[in-house]
Amino acid sequence: MTFSANVLRVLIASPSDTAELRDAVEHALHGWNGDRSAASSVVLLPRRWETNAVPELTGEDGQTVINRQLVDEADVVIGIFHSKLGQETPRYASGTAEELHEAKDAGKRVHVYFSSMPIDRAHVNPQALATLEAFKNEIEKLGLYGSFDTPGSLKDQVRRAIEADIVALKLGAPIDTRNPVREGAALQARAVKAGTSYQLNLRNTGDTDAEDISFELTPTGDDPDSEAPMILTDPGPFTLPRHGGEISVPVILSWGTASHVTISFEWSEAGVAKASSHTVSFF
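Residue numbers (the working numbering): 65 to 347.
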């Protein structure tokens with residue numbers, strides 16, 4: 065049976081040492097299509113320079129052609145790095161770096177992931193690693209990057225990113241079979257590690273807006289000296305819209321931080337005070 069759907073072009077951008085990881089991401093996108101397309105009315109169209117760029121003599125350099133054919137047409141760009149940044153272009157430190165910056169500057173959804181898998185340093189140029197590390201530091205100043213230690217971990221993170229993209233682009237309310245939509249607001253929290261930092265992702269999976277939200281973290285467990293993570297930026301009273309409204313709150317973990325904390329929410333639903341709490345694990 066046919067169905068109408070929005071098509072999201074997803075560009076997989078990465079240097080030449082990540083071909084297998086590009087395959088893993090493309091597999092994750094096709095898997096998402098099989099599981100979610102009919103229910104969400106969204107179809108993901110993976111795009112890769114080696115399979116979708118068309119040879120074209122225009123008087124421009126090759127990267128400019130790729131930008132016009134793939135980056136300009138993409139809705140979402142996923143960047144992957146392992147042991148090198150890639151080949152320099154006339155404008156940026158590498159073609160992949162240029163694609164990510166061009167996409168960000170155009171207001172597209174951009175997700176960047178760095179591998180923490182083992183590297184055979186005997187066969188890797190030390191300068192290439194240094195250049196990659198410098199770029200990683202640059203990306204850290206522009207937002208939040210992800211890290212992965214297996215192709216499977218990368219696939220899982222990409223699927224979560226796509227779900228967030230669909231909400232952000234207002235293409236539908238993704239269905240979470242583990243946390244189905246409930247009557248009223250339903251506030252959830254989970255800890256996410258990004259590089260060396262942590263953040264709390266707070267989300268409303270219910271069918272009612274949650275307004276004037278505040279929350280408190282308290283340590284759980286048997287250690288009376290343990291402490292809750294420190295909230296780096298207090299969002300103050302905030303609102304989470306129904307059907308997947310989400311906010312990320314950076315937190316700081318230090319020696320003695322509890323591995324499990326209770327997060328206690330208080331909020332208002334149409335003027336009625338509400339409260340809930342549950343446990344969040346950081347390790």
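Even glycine gets a Cβ: it sits at the ideal position worked out from N, Cα and C.
- Query: Going by DSSP, which residues form a beta bridge with P314?
  - Reply: Q263, per the DSSP bridge assignment.
So, T160 versus A292, is the Cβ gap smaller than 8 Å? Between T160 and A292, the C-beta spacing is not below 8 Å.
* Asked: Quick one: is L108 buried, meaning 16 or more other Cβ sit within 10 Å of its Cβ, or exposed?
  -> With 16 or more Cβ atoms within 10 Å of its Cβ, L108 is classed as buried.
Kindly indicate which three-state DSSP category S332 falls into: helix, strand or coil? In the structure shown, S332 falls within a strand segment according to DSSP collapsed to helix, strand and coil.
Task: Three-state secondary structure assigned by DSSP to E120 - done: Correct three-state label for E120: coil.
Return helix, strand or coil for T241, following the three-state DSSP convention.
With a pLDDT of only 46 at T241, under the threshold of 50, the placement of this residue in the model should not be trusted; the figure read from the coordinates follows. If DSSP states are grouped into helix, strand and coil, T241 belongs with coil.
I need the straight-line Cα distance from K205 to F199, nearest angstrom please.
Between K205 and F199, the C-alpha separation is close to 10 Å.
Rounded Cβ spacing between L75 and R100 (contact assumed at less than 8 Å): Not confirmed; about 20 Å, so no contact.
Worksheet item: Tell me the DSSP bridge mates of E275?
Response: BP columns for E275 point to S332.
> Are three or more beta carbon pairs between the stretch 140-156 and the stretch 175-188 nearer than 8 Å?
Replying inline: Output reads yes: the stretch 175-188 touches the stretch 140-156.
Burial state of I316 (16 or more Cβ within 10 Å): Exposed, since its Cβ has fewer than 16 Cβ neighbours within 10 Å.
- Query: Under the rule that 16 or more other beta-carbon atoms within 10 Å means buried, what is K148, buried or exposed?
  - Reply: Flag for K148 reads buried.
Backbone secondary structure at Q221 - three-state DSSP: It is helical.
Next on the checklist: Assuming S278 and P301 are in contact, meaning their beta carbons sit under 8 Å apart, how far apart are those beta carbons, in whole angstroms?
Outcome noted: With a Cβ gap of about 6 Å, S278 and P301 count as contacting.
message: Tell me which residue opens and which closes the beta strand (DSSP E) that N189 is part of.
response: Per DSSP, N189 is not a residue of any beta strand (DSSP E), being assigned neither H nor E.
### Query
H165 by DSSP, collapsed to three states: which one?
Helix at H165.
Practice task
May I have the straight-line CA-CA distance separating L304 from S318, to the nearest angstrom?
Solution key: For L304 and S318, the distance between alpha carbons rounds to 29 Å.
>> For D184, count the other beta carbons within 10 Å of its own beta carbon; 16 or more makes it buried, fewer makes it exposed. Which is it?
In response: Taking all protein chains shown into account, D184 has fewer than 16 neighbouring C-beta atoms within 10 Å of its C-beta and is therefore exposed.
*For A88, which residues from the same chain have a beta carbon less than 7 Å from its beta carbon, with the 5 sequence-adjacent residues on both sides left out?*
Once the five neighbours on either side are set aside, the close Cβ partners of A88 are P215, L218 and K219.
Give me the residue from W113, E275 and F346 with the minimum Cα distance to P283. Shortest Cα-Cα distance from P283 to any of W113, E275 and F346 involves F346.
Tell me whether Y177 sits in a helix, a strand or coil according to DSSP, three-state version.
The three-state secondary structure of Y177, taken from DSSP, is strand.
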